[in-house]
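Quick notes on the structure that follows.
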Amino acid sequence: MLTIGLTGGIASGKSTVTRLFAERGIASVDADQIAREVVEPGEPMLDALVERYGERILDRQGRLDRAALRQRIFAAPEERRWVESRMHPLIHARMLERLETLEGPYRLLVVPLLLESDRYAKVVDRILVVDVPEALQLQRVLARDGGELAQAEAILRAQMPRAERLARSDEMIDNSLDKVSTERRVAELDAFYRQLAHQRAACGN
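Be aware that the sequence shown starts at 1, since it is given in the UniProt record's numbering, and climbs by one per residue.
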């Protein structure tokens, strides 16, 4: 099945775009959702995080306090690498399992760090980038997550530069415009991807 890798920087609107595709009957697997699953209470990954950072990264219900963990790892690059080296293989394996259960003309693989890793290079057929200017990203991060400007800027620096991300995309959605413009672009891409999927099926791929 045709697989579209959907990516974009933090707070670019990937969830909004994924929902618009879902309204058109397109199923997806979302790395952020899987990332939440692998640190649920009882999961080995959460136990490993508590062993390394202590119970200060848990909330009152014993669940991961993402803001507390983010503050720890983005202040120290080696800690971010430690967490990513353990979480990413778990997320990758679970995403591939989930991907095989999807049905439809094509499917979406939603991965924020799709282009920062080669794990998905053989999985996706095309790369769709959801894009907004960096100033708008910062504004949205601060409004959504709170926190400090320095921490939000550190998150942006940890991701691929915007220009490089766009250069490696096959298609792009400018999500800095109004809602109607985004909906129209999703409709265009849905028609395009359905046509590609039909052509692949006709060729037996």
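Glycine included, C-beta positions come from ideal geometry on N, C-alpha and C. Small disclaimer: the values here were computed from a predicted structure and weren't measured.
For the stretch 61-74 against the stretch 38-48, are there 3 or more C-beta pairs whose distance is under 8 Å?
Flag = yes, the stretch 61-74 and the stretch 38-48 touch.
Should residue 132 go down as buried or exposed, given a rule of 16 or more other Cβ atoms within 10 Å for buried?
Translated into the one-based positions of the sequence shown, residue 132 becomes position 132. Looking at its Cβ environment, which holds 16 or more other Cβ atoms inside 10 Å, residue 132 is buried.
Mapping DSSP to helix, strand and coil, what is residue 87?
For the purposes of this step, residue 87 is taken as the residue at position 87 of the sequence shown. Here residue 87 sits in helix by DSSP.
Residue 13: which of 196, 97 and 183 sits nearest, CA to CA?
Indexing the sequence shown from 1 puts residue 13 at position 13. With distances taken between Cα atoms, residue 13 lies closest to 183.
State the start and end residues of the unbroken beta strand (DSSP E) segment that holds residue 110.
Residue mapping note: residue 110 aligns to position 110 of the sequence shown, counting from 1. It spans 106-110 - the beta strand (DSSP E) in which residue 110 sits, taken as one unbroken run.
What residues match up with residue 129 in a beta bridge as DSSP calls it?
For the purposes of this step, residue 129 is taken as residue 129 along the sequence shown, with counting starting at 1. According to DSSP, which records beta bridges pairwise, residue 129 is partnered with 7 and 172.
Taking DSSP as the reference, what is the three-state secondary structure of residue 47?
One-based indexing of the sequence shown puts residue 47 at position 47. In the structure shown, residue 47 sits in a helix (DSSP, three-state: H, G or I).
Using DSSP with H/G/I as helix, E/B as strand and the rest coil, what is residue 2?
Taking the sequence shown and counting its residues from 1, one reaches residue 2 at position 2. DSSP places residue 2 in strand when its eight states are reduced to three.
Let's test the definition: count the other Cβ atoms within 10 Å of the Cβ of residue 25 and tell me whether it reaches 16, buried, or not, exposed.
Within the sequence shown, numbered from 1, the residue matching residue 25 stands at position 25. That one is exposed.
Compare the Cα-Cα distances from residue 81 to each of 49, 101, 204 and 97 and report the closest residue.
Locating residue 81 in the sequence shown gives position 81, where the first residue counts as 1. If we check each option's Cα against that of residue 81, 49 comes out closest.
Can you tell which of 176, 103, 127 and 104 has the C-alpha that lies nearest to the C-alpha of residue 136?
Taking the first residue of the sequence shown as position 1, residue 136 is located at position 136. Residue 136 has its Cα closest to that of 176, out of 176, 103, 127 and 104.
Just the C-alpha distance for residue 156 and residue 104, rounded to the nearest angstrom, thanks.
Here residue 156 is taken as the residue at index 156 of the sequence shown, counted from 1. Here residue 104 is taken as the residue at index 104 of the sequence shown, counted from 1. Computed Cα separation, rounded: 34 Å.
Using DSSP with H/G/I as helix, E/B as strand and the rest coil, what is residue 28?
Here the question's residue 28 lines up with position 28 in the sequence shown. Residue state, collapsed to three classes: strand.
For residue 64, which beta-bridge partners are listed by DSSP?
For this step, residue 64 is matched to residue 64 along the sequence shown. Partner(s): 58.
For residue 193, which residues in the same chain have their Cβ closer than 7 Å to its Cβ, ignoring the five residues on either side in sequence?
Walking along the sequence shown from the start, residue 193 turns up at place 193. The residues are 2, 4 and 106.
Can you give the Cα-Cα distance for residue 204 and residue 197, rounded to whole angstroms?
Stepping through the sequence shown from its first residue, residue 204 is reached at position 204. Stepping through the sequence shown from its first residue, residue 197 is reached at position 197. Looking at the two C-alpha atoms, the distance is approximately 10 Å.
Could you say which of 102, 172, 71 and 118 lies nearest to residue 29 if we only look at CA atoms?
In the sequence shown, residue 29 corresponds to position 29, counting from 1. Ranking the options by Cα distance to residue 29, first place goes to 102.
Decide yes or no for the touch test of the stretch 152-169 against the stretch 113-126: beta carbon pairs closer than 8 Å, at least 3 of them.
They touch, by the three-pair rule.
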